[in-house]
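Visitor:
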Amino acid sequence: MEERNHTSAPETAKKCCCCGWGAFLVGLVVALILGWAVLPALMQKELKQPVAFNHVLHVDEQGMDCRQCHFAGPDGQFSGVPTTASCAECHSEAIGNTPEEIRFVQDYVQTGREIRSEWLVYLKQPDNVFFSHSVHSVERCSTCHTEYAENPGALCKVCHIDMSKVTTPPVYSENRLSGYPKGTMLMWDCERCHANPNHLSPATNANNACFVCHK
Amino acid sequence: MDYSKPVDAALFPEGCQRCSLTRFMAWMGILGVILLWGLYAAVRVLGFGLGETGMDDYFGFGLWITFDLAVIALGAGAFFTGLLRYILNIDELKNIVNLAAVIGFLCYTGAMLILVLDIGQPIRCWFGYWYPNVHSMLTEVIFCITCYCIVLIIEYVPLILENRQLARSRFISALAHNFHLLMPLFAGIGAFLSTFHQGSLGGMYGVLFGRPYLYREGFFIWPWTFFLFILSAISAGPMFTVLVCTIMEKMSGRRLVTWEVKQLMGKIGGTMLLVYTVFKLADTWFWAVDLLPREGLTFDQMFYGWIYGKWLMWTELLCIILPVIFLLKKSTRENPKIFYTMLTLTCISITLNRYLLTVQALAIPVMPFDAWRTYAPNWAEWGACALVMAYAAMVLSLSYRYLPMFPQEARLNENK
Amino acid sequence: MNRRGFLKFAAGGTVGLVASPIIWNTLYDAVYWSQNWGWIPRVPRGDSTYMRTISKLCPSGTGIRVRLVDGQPVRALSDPDNPLSRGALTALAAAETQLMVSPARLKEPLRRTPDGALVAISWEEAEKLLREKLAEAGGSTACISGDPTSTVNELLSSLVESRGSADFYFMPDDEQAALAAWSAMGGMGRLGYDVDNSDFILAIGANMLESWGTVARNRRNFSAGRPAGQEARVKFAYAGPVQNNTAAGADWWLPCRDGMEMELALGIAHLLIKAGHAVPSAGLDDFKALAGEYTPEKVAALTGVDAGRLAEVAKALAGAEKPLVLVGSALGAGGGAGAVMAGIAVNMLLGRVGAEGGLVNLPFPTPVVTGASDYRTVVNRNLIAWSQSVASGETEAPRVLLIYDANPLYSLPSDSGMEEVFTRSGFKVAMASFLSESCARCDLVLPAAMGLERFDDCYTPYGSGEVSWCISHPLVKPFYNSRPMGEVLISLAKELGVETGVKDMPGLLYKKAYSLGANFRKMVESGAVFQKKASGAFSVPVYNTDAIRTALTLKKEAAPLSLAPVVVLGMGTAQTGIPPFATKIITEYQLAGHSSVAQMNAATADKLGVRKGARVTVGNGKVKVPALVDIFEGVLPDAVALSAGLGHTAFDEFSRNKGSNIMTLTSITREPGTGLPVWSSAGVSVDKA
Amino acid sequence: MSEVIDFKIRWGMVIDLDKCTGCGACMVACQAENNLAPQVDASNKLRALNWLTVYRLSNGKSFPDHEVAYLPRPCMQCGKPSCVSVCPVVATDKREEGGIVSQIPPRCIGCRYCMASCPYHARYFNWYDPKWPGDLDRTLTPDVSTRPRGVVEKCSFCHHRWMHAKDAAILKGEDPMDLPDGAYITACTEACPNGAITFGDLNNPKHKVYELRQSPHAFRLLERLGTEPQVYYLSKREWVRRQGDNYLEHEATGDNKKV
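Chains as they are written, first to last, in this note's numbering: chain A, 287 to 501; chain B, 120 to 535; chain C, 557 to 1245; chain D, 66 to 324.
(1) Given this structure, state the Cα-to-Cα distance separating B:ASP127 from B:PHE298, to the nearest angstrom.
(2) Could you say if the segment 277 to 284 of chain D and the segment 133 to 153 of chain D meet the contact criterion of at least three C-beta pairs nearer than 8 Å?
(3) What do you reckon, are the CB atoms on C:SER1028 and C:LYS612 nearer than 8 Å?
(4) Name the chain G residues whose beta carbon is nearer than 9 Å to that of C:ALA586?
(5) Who are the Cβ neighbours of C:ASP755 in its own chain at under 6 Å, not counting the five residues just before and after it?
(6) Using a Cβ-Cβ cut-off of 8 Å, state whether A:VAL315 counts as contacting chain C.
(7) Closest to B:TYR494 by C-alpha separation, out of B:MET302, B:ASP176 and B:LEU416, would be which residue?
(8) Could you pull out every residue in the same chain whose Cβ sits closer than 8 Å to the Cβ of B:ARG204, ignoring the five residues on either side in sequence?
(9) Would you verify that the beta carbon of A:TYR408 is, or is not, closer than 8 Å to some beta carbon of chain C?
(10) State the Cα-Cα distance for the pair C:GLY785 and D:PHE284, rounded to the nearest angstrom.
(11) Just to confirm before moving on: does the CB-CB distance between D:ALA233 and D:ALA90 stay below 8 Å?
(12) Distance, Cα to Cα, B:PHE525 vs B:ALA509?
(13) Please tell me whether D:GLU98 and D:GLN168 are closer than 8 Å, where the distance is taken between their beta carbons.
(14) Scan the segment 447 to 469 of chain A for residues whose Cβ lies nearer than 7 Å to a Cβ of chain C and list them as they occur along the chain.
(15) What does DSSP give as the partner residues of B:ASP409 in its beta bridges?
(16) Enumerated in chain order, which unbroken segments of the beta strand (DSSP E) with a length of 3 residues or greater are wholly contained in the segment 595 to 675 of chain C?
(17) Compare the C-beta of D:HIS131 against all C-beta atoms of chain C and say whether one is closer than 8 Å.
(18) Helix, strand or coil: which one does DSSP assign to C:PRO1233?
(19) Roughly how many angstroms lie between the CA atoms of A:THR384 and A:SER459, to the nearest whole one?
(20) Name the chain B residues whose beta carbon is nearer than 8 Å to that of C:SER590?
(21) For the segment 235 to 252 of chain B against the segment 155 to 175 of chain B, are there 3 or more C-beta pairs whose distance is under 8 Å?
(22) What do you get for C:ALA1074, buried or exposed, if any count of 16 or more other CB atoms within 10 angstroms of its CB means buried?
(23) Would you mind listing the beta strand (DSSP E) stretches within the segment 884 to 932 of chain C that are 3+ residues and don't spill past its ends, in chain order?
(24) Mind pulling the chain D residues with CB within less than 9 Å of C:VAL1295?
(25) Identify every run of the beta strand (DSSP E) within the segment 730 to 757 of chain C, keeping only runs that are complete inside it and at least 3 residues long; order them along the chain.
(26) Counting only Cβ pairs nearer than 8 Å, list the residues of chain B close to C:LEU583.
(27) Am I right that B:LEU271 and B:TYR227 are in contact with their C-beta atoms under 8 Å? What's the rounded C-beta distance?
(28) Rounded to the nearest angstrom, what separates B:CYS364 and C:ARG1212 at their Cα positions?
(29) Alpha carbon to alpha carbon, what distance is there between D:ALA94 and D:PRO207?
(30) Can you find a CB in chain D that lies within less than 8 Å of the CB of A:CYS479?
(31) Locate the alpha helix (DSSP H) running through B:ILE184, then write down its first and last residues.
(32) Tell whether a beta-carbon distance below 8 Å holds between C:LEU758 and C:VAL1054.
(33) Count the other CB atoms, across all protein chains shown, that sit within 10 Å of the CB of D:GLN96; report buried if there are 16 or more and exposed otherwise.
(34) Using DSSP with H/G/I as helix, E/B as strand and the rest coil, what is C:ILE700?
(35) Taking CB distances under 8 Å as the criterion, tell me whether D:ALA102 reaches chain B.
(36) Compute the Euclidean distance between the alpha carbons of A:CYS304 and B:MET256, then round it to the nearest angstrom.
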């Protein structure tokens, strides 16, 4: 704040002398711009995904199902991002001729580098959060919410960004101080369901006790 | 320019003499060294963690909490004197109420400073306001102390504004005047907040039903320690104010407050102490013969060796019983030596009381197979306390030098 | 700009900032930051898998289920499906995955430079160096192995012995005394204990819940025999100088002076014979005559065990359906055969030899490696006799000394001659996973892959009641630059022209499986365990009273106090050092700051004029170690209990600078008759420091 | 202040002290499971971070009548916890089915008031940042987040294992709120080679603990304080039971028992 005063003082000096509360207003506007736009932007760090994965190409053109890559593992763990090995099931060699695919095959498939550990998860939760996809499944939500039965993807979109229509992955933005990606859900996001008394029914048992989500 | 006076004489209160600036700076220098030592301790604690202190998992509370409780009790002169002066209109107290307010301000801000060090995650200190647990006595304490701290700032600010140079500005002088008019209101709010948090501080201990030394229930009203803390604070607070005033008189060589005002404060404190003593004795008796046996414990089991021996409790009780007798008896009260001794004893007893509740209570093994453990504060804890005391001494010295704290000072020192 | 304008500007700015999210969000972000500080490691993410194997660090090969997260072993869990340990886990096995990555782990082959430092070299250099040195040394090669259950021993044996040396030794343990005793009493095979099926166990000196025999299995038997909240089906009695963990679980503690196990057993025999329990066998009358001398009063005077309590235990023993008497030494080594013989005799009186839940005769394994000595031969060799003879100059020191998974410099008494063996041997090679005291003194240190990274096995550990065979197989690639020692040895043998008959470790284990009739493949795939009941046929044991009498003539030096060692497996073995998490399970009555704690009872302390917390030294005339006094009434009068497993000078920060090694206080005597080195009874003196 | 809440499920332990021999396997398993950092020097037991501590009990008699017992002390998960109501920031709470007292280090400000309130010393403070020397951090489990300095932590009855057990039940189509005995056990229960610890739902007659806790030899620590622990102990030895609570000389164990 100190710094700002020094740098912006000269230009605003003339105005405030002549128009009384004008100085106040200028200060207010400058601070609002800083506080709403400039500083928040400075707090963010933008990162690029290791591979410009094209969802449209895979889903629309190749007709792949989301669940071919994103499925729940045997213990309820979500596999989330596929492994290099599962990509290599098709891409053992480059199929097309896009430079990005060729790079992926060279850098990952051929070297055995694990894409899953490098992919930036937009909704990455901190270590202290416990989340199980098997509890938040379509089947369980469908005991009350009928809309997901036909369109399971809609349930995913309650939390996740919709990637199915995206040709290049959106920019990944992370807070410099907290290290949280922009998409990290905060407590109140989870509480939309967890603090909702309707979810206390035996079907979901989603109470809002601390240990339900924290570890 | 009058060369017979110190260079900063223009800032002195009207009609008051002060020592030379060099001397003053030397004094501030000494305090500064202590302050730096304390700062070093604080930096280590903040930088590496509370492992730098002598505390451990058995003594999660130690010197710092004792210190906090003690200064908050001793700083209670501010609210109680304010209450008597502004609400109950005991006019003579106007001569010491400024000092009481400054001491209160220093005690509370000092305590908050220590608290910031004492909590393991200072970055999260605002959680106390943002995610409060309404059932916790500590939440009540956090809110009341913060609010009261603001009140104390408000009480301190007009005094600053009364500085001779600042008061020249019409705006400031008007502001100071308006503050003064509002003072009864703030005194009222302060009294309310203080009563509650002093009580809550006591309640903080009284609710710990896992700690036989602390837990109190039944009898009169729950929790018993709530009222004991208020009473002990309002009896020790005014006495501490008088003691500080006397120390300042000794150091400056000037009379600041009349003996009558001190006597009045002592009498008020003594009366409150009588009430406290009665309740404290009743409480101790009830605890020893009723509560402890119900928990399967005996009085003897609460004490151990020399370090946590019974002498501590006897000293605590003796140091309130004696002052009650000597302060309420006019002849002994009027003897300065006895008077000051009794004030000191009371402050010792209250401090000791806070120590016992904090440290002894935690030292007692509750599980029969557990062992007595001992705790000694290390340099970092002493250093942080020294930091606060040095800070308080600095601010008090500055206030004394430049602010009109004592309305009687000019008159009392006319002959000098 | 004037002052007033500036103030207004600042006021506007303040209002603006307060009204914008940056301050409040940063307050939050700072808190999130404090929850995810970069200097504190993050937890892994990934799939968990579970694999069954055994803990090779635990001396009895406890079965474990390893949890791997993203392929990294993170936890050693108990394995309820392991038929031997049946879900029991020892505190050491529980630390297996942490030890894999502990700072003491050897990462690279190390070679000593002329200036005395150990520096990292490549495996090629290391193997070449070792090959050359071995080739040069020829028959002047000796080897000490600290893992008697592994078939890798056969490779070592073949490698050393096929080139003309007979100096392949096991580190001393309880089996040597047991074998000597069992042979003397007419046994043909290995002495086994059917702990699983007994209903009353009298453990004389044998710390069966911590260091004697198959610890995890013993504990599971203890557990099964005493279902929670119900009457105990199996009773336990323990005789030893200190109320250790075994005593804590036992129904009776017989406070018996260390080294007086034989006298105690004879006292029990006396009472049993008196009560009419004397199953006949050759030499019974003579034995009766000997036992007749050991009246409870005499035994009480000798051992310190109260006559009444002795009678009580003898009665309970006789009244049990399937009683079993175990004899062992407090340190798991250095006990005499005489005590075991007396123990066998007590079992014989009760008719417990060859019976269910009694003593059993186990077959010796057949070697599968060409040129390897058989197990019996190696166990019967006397390492201490050799090392002392090297020390005295009678025997020439070997030109190459191989130390396999052993730490003789730490775990043997100071007069074992091992120090001289190390000084005089030409080229010393250590094969180990951790930088032990012995490794630190070697010229070449080869980092061994651990149990979770290599093929290895565990064949019928001492204390078993049946033949068992478990294997470990690599769950992960060896960490750092360590290698499976079996493979290194096989290729070394090949290059030296030693015929072993195996080409790799799986091949070796396959061969072993074949010889046992086990299904190797199934064992690797599902973690199955091979078990075979002991066959009943062997010659009838005899009461070899003469041997017992001879052993009784062992002179016990008179010392003001005796040392009562306390062994806790969780504190690690001589090979592992103190595992990282174990610093927290070491109690205040074992270690105080950097000093060992000497526990003694109040009467002893009074006699010595010391109080709790006093600084003292415990010495044996040659060595003095500092200790802090603690009062514990579970120690025999005139005895000082000190914890074993402390006082490491190598390994890592978790092991170093913690207390003193009690082995320095022990000294060796030879047992008359068997000639076995005995160091269990150490006399000490305590002086105020 | 806070009174005992009636939960349908009450996870609890029954620890048979006649079976515990103090080997320390539970403490090792607990540390490994819950990502407690190893300590190079843990000889100051008041600074050693252990969610589970094994105490040595003595019958107080002289040799040779001396007896020894070991008492593992996890968090008691009190029915009426003294720690929960005192926390100023709701970092610790007891309101979830199962009755486990939660402790959320990311919320904790480190005032240590809860530690002062707990007579069992079940709460531990991170006096320094945790350190995993060398590569020891490679053995961290995914189940419990690491804690920085300045926060309090304690035993959670391996709550994550309950979450996993519930997950497994859901995947199998079973009722996650009616787990069979043994489907959820803590790491210490699993590790104890002596089977001294039995874990289960104290309210569920199908669970072994239900029967065990009603044994005449069962007791809880410091019952007289009214904390209503969810951890029970068993011992056939009167002197051991007497160590479970404070008794005046004339009082016998069981006199003050609240069931």
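For every residue, glycine included, the Cβ atom is placed at its ideal position computed from N, Cα and C. Bear in mind that the values here come from a model prediction, so they are computed numbers and not experimental data.
Guide: Looking at the atomic coordinates:
(1) 27 Å
(2) no
(3) yes
(4) Absent from the structure is chain G; the protein chains it does hold are A, B, C and D.
(5) VAL790, ALA876, GLU877 and LYS878
(6) yes
(7) B:ASP176
(8) ASP210, LEU212, LYS213, VAL216 and ALA306
(9) no
(10) 12 Å
(11) no
(12) 22 Å
(13) no
(14) ASN461, LEU463, SER464, GLY465 and TYR466
(15) None; B:ASP409 has no bridge partner.
(16) 604 to 610, 619 to 625, 628 to 634 and 666 to 668
(17) yes
(18) strand
(19) 26 Å
(20) GLN240, ILE242 and ARG243
(21) yes
(22) buried
(23) 915 to 918
(24) Past the boundaries of the shown model lies residue 1295 of chain C; chain C is included only from 557 to 1245, so the question cannot be answered.
(25) 746 to 749
(26) TRP245
(27) 6 Å
(28) 58 Å
(29) 15 Å
(30) no
(31) 182 to 193
(32) no
(33) buried
(34) strand
(35) no
(36) Below a pLDDT of 50, predicted positions are generally treated as unreliable, and A:CYS304, at 44, falls in that range; no measurement from the model is reported.
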